[in-house]
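Asks: Residues 4 to 255, numbered by my numbering, are exactly what the sequence shown covers, in order.
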Amino acid sequence: MLTFIGLGLCDEYDVSVRGLEAIRAADAVFLEVYTSVLTGTTIPRLEEYYGKKITPLYREDVELHPEPVLDAAAKGDAVFLTAGDSMVATTHADIRIRAAERGIQTRIIHGASITTAVCGLCGLQNYRFGKSVSVPFPYGKWFPMTPIEVISANLAQNLHTLVFLDIQKDKERYMHVSEAVDLLEEQAARAGVRIPLYVGIARAGSATPVVHAGDAEEMRRFAFGDPLHIMVVPGELHDIEREYLVRFAGLC
Ligand SMILES: C[S@@+](CC[C@H](N)C(=O)[O-])C[C@H]1O[C@@H](n2cnc3c(N)ncnc32)[C@H](O)[C@@H]1O
4 MLTFIGLGLC DEYDVSVRGL EAIRAADAVF LEVYTSVLTG TTIPRLEEYY GKKITPLYRE
64 DVELHPEPVL DAAAKGDAVF LTAGDSMVAT THADIRIRAA ERGIQTRIIH GASITTAVCG
124 LCGLQNYRFG KSVSVPFPYG KWFPMTPIEV ISANLAQNLH TLVFLDIQKD KERYMHVSEA
184 VDLLEEQAAR AGVRIPLYVG IARAGSATPV VHAGDAEEMR RFAFGDPLHI MVVPGELHDI
244 EREYLVRFAG LC
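1) Please determine if the segment 161-168 and the segment 135-144 are in contact, where contact requires at least 3 C-beta pairs separated by less than 8 Å.
2) What separation, rounded to the nearest whole angstrom, lies between the Cα atoms of Gly143 and Asp173?
3) If you measure from each CB to the nearest heavy atom of ligand 1 and keep those under 5 Å, what residues do you get, in chain order?
4) Would you call the segment 112-120 and the segment 80-87 in contact, with 3 or more CB pairs under 8 Å?
5) Quick check on Ile112: does DSSP put it in helix, strand or coil?
6) Hey, could you find the ends of the alpha helix (DSSP H) Val65 is sitting in?
7) Write down the C-beta distance between Gly208 and Gly11 rounded to the nearest angstrom, noting that I regard them as a contact closer than 8 Å.
8) Rounded to whole angstroms, what's the CA-CA distance from Val213 to Leu127? Just pull it up for me.
9) Curious, which full-length alpha helix (DSSP H) runs of at least 4 residues does the segment 159-205 contain?
10) Would you please state the rounded distance, in angstroms, between the beta carbons of Asp88 and Ser116? I believe it to be under 8 Å.
11) Are Tyr201 and Met222 closer than 7 Å when you measure CB to CB?
12) According to the neighbour-count rule (16 or more other Cβ atoms, all chains shown, within 10 Å of its Cβ), is Met148 buried or exposed?
13) Quick check: what's the CA-CA separation for Ala31 versus Pro230?
14) Could you tell me whether the Cβ atoms of Leu49 and Glu15 are closer together than 7 Å?
15) Name the DSSP beta bridge partners of Tyr142, please?
16) At the level of alpha carbons, what is the spacing between Asp17 and Gly195?
17) Who are the near neighbours of Glu66 in its chain, counting only those whose CB is closer than 6 Å to its CB and skipping five residues on each side?
18) Using the three-state DSSP reduction, which class does Ile107 fall into: helix, strand or coil?
19) Could you check which residue in Ala86, Arg27 and Arg62 has the C-alpha nearest to that of Val40?
20) Short check: CB of Ala77 to CB of Ile98, under 7 Å?
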């Protein structure tokens, strides 16, 4: 059996009781560490709380060489842990399909996801979100324009855009709101588009989440603190959405 378990958003205490029991009963425990991270804890602390040895998995381990995970799941109970929810803004559908092809039973134990946490933190209504997008760190001359294209298309339909910020796990590098705003403003200038408002969110799910709304200049000036960070580019605000941002995100 291969069980996908979402660990939630911050530390070892965010997993569901069902998830925790499955981890404690497992024969093998794998933790995917490249699509998102629990910034409020460490692998040794997770191991201590779960009472299990954890094998970390990087992108190649999951996407190119998943055999050790699948072998463990063929022999006994293996759990595949992911920060957030295992199947949201990740590519783990692929490994579930590979398991099914080998006749391995699978199931999912869901966790709180950043995609829903943002709605509570910034008050933007979840049914008004269009397609999401990721802002990658630029690489050499590679400067993708996809983020601004998605944002423009959503703005044209008066929809909000959830903007995931890049993680380079091998370098322990996490994109901050100010860096993402610089990149998006550069893309917007090239595309002749204006982004009137941003909402930045840091450390959702922790005891010290930060939510702040403003224009590009305000976002660059504001200190969001430690990662993880994420942003929303809102469409036109409804009255309640505006009031929420004024009360809880410093919108002027
Ligand atoms: C590719 S998404 C993976 C989402 C995850 N599967 C989930 O369901 O939450 C990871 C990105 O979401 C954002 N993110 C994830 N957790 C966060 C948190 N606790 N606070 C702020 N941003 C977060 C960051 O931009 C991060 O790079």
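Virtual Cβ for every residue (Gly too), placed ideally from N, Cα, C.
Computed from a predicted structure; not experimentally measured.
Replies: Inspection of the coordinates gives the following:
1) yes
2) Translated into the one-based positions of the sequence shown, residue 143 becomes position 140. Translated into the one-based positions of the sequence shown, residue 173 becomes position 170. Cα to Cα, the separation comes out at about 18 Å.
3) Listed along the chain, these residues meet the criterion: Leu12, Thr38, Ser39, Gly87, Asp88, Val91, Ala92, Thr93, Ser116, Ile117, Phe167, Leu168, Ile170, Ala207, Gly208, Leu231 and Ile233.
4) yes
5) Along the sequence shown, read from residue 1 onward, the residue named residue 112 stands at position 109. Reduced to three states, the DSSP call for Ile112 is strand.
6) Taking the first residue of the sequence shown as 1, we reach residue 65 at position 62. Arg62 to Glu66 is the extent of the alpha helix (DSSP H) around Val65.
7) For this step, residue 208 is matched to residue 205 along the sequence shown. For this step, residue 11 is matched to residue 8 along the sequence shown. At roughly 6 Å, the Cβ-Cβ gap stays under 8 Å, so Gly208 and Gly11 are in contact.
8) Indexing the sequence shown from 1 puts residue 213 at position 210. Indexing the sequence shown from 1 puts residue 127 at position 124. Distance between the alpha carbons of Val213 and Leu127 is about 15 Å.
9) 180-194
10) Along the sequence shown, read from residue 1 onward, the residue named residue 88 stands at position 85. Along the sequence shown, read from residue 1 onward, the residue named residue 116 stands at position 113. Rounded, the Cβ-Cβ distance is 4 Å, consistent with contact.
11) Taking the first residue of the sequence shown as 1, we reach residue 201 at position 198. Taking the first residue of the sequence shown as 1, we reach residue 222 at position 219. Result yes, Cβ atoms of Tyr201 and Met222 sit closer than 7 Å.
12) Here residue 148 is taken as the residue at index 145 of the sequence shown, counted from 1. Under this definition Met148 is an exposed residue.
13) Counted from its first residue, the sequence shown places residue 31 at position 28. Counted from its first residue, the sequence shown places residue 230 at position 227. Taking the straight line joining both Cα atoms gives about 29 Å.
14) Within the sequence shown, numbered from 1, the residue matching residue 49 stands at position 46. Within the sequence shown, numbered from 1, the residue matching residue 15 stands at position 12. Yes. Within cutoff.
15) Here the question's residue 142 lines up with position 139 in the sequence shown. Bridge partners of Tyr142: Trp145.
16) Position 14 of the sequence shown, counted from the start, is the residue given in the question as residue 17. Position 192 of the sequence shown, counted from the start, is the residue given in the question as residue 195. The straight-line gap from Cα to Cα measures roughly 42 Å.
17) Within the sequence shown, numbered from 1, the residue matching residue 66 stands at position 63. By the criterion of a C-beta distance shorter than 6 Å, Glu66 is surrounded by no residue of its chain, once the five residues flanking it on both sides are discounted.
18) By one-based count along the sequence shown, residue 107 stands at place 104. Residue state, collapsed to three classes: coil.
19) Counting from 1 along the sequence shown, the entry for residue 40 is found at position 37. Comparing Cα-Cα distances from Val40 to each of Ala86, Arg27 and Arg62, the minimum goes to Ala86.
20) Position 74 of the sequence shown, counting from 1, holds the residue named residue 77. Position 95 of the sequence shown, counting from 1, holds the residue named residue 98. No.
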